[in-house]
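Residue numbers (the numbering used here): 19 to 78. Ideal Cβ placement from N, Cα and C applies to all residues, glycine included. Contents: one structure, followed by commentary.
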């Protein structure tokens, strides 16, 4: 299994999480966004990561 796409998506998610955690605007926009929208966005990114990993496996 080619782990490169999985590692790439993990790095993207980690960088987004770090950027959001250290952002001075974190408190305002996170409190303004509904919790379900945040969960939906993270779920969509996770699904895309899985699909890209599967596509990479199929290409091999």
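Under 7 Å between C-beta atoms of residue i and residue j
i, j, result
"residue 23", "residue 55", "no"
Euclidean distance between Cα positions of residue i and residue j
i, j, result
"residue 70", "residue 29", "14 Å"
"residue 36", "residue 63", "16 Å"
"residue 59", "residue 34", "12 Å"
"residue 31", "residue 52", "20 Å"
"residue 66", "residue 25", "13 Å"
"residue 27", "residue 57", "17 Å"
"residue 61", "residue 72", "17 Å"
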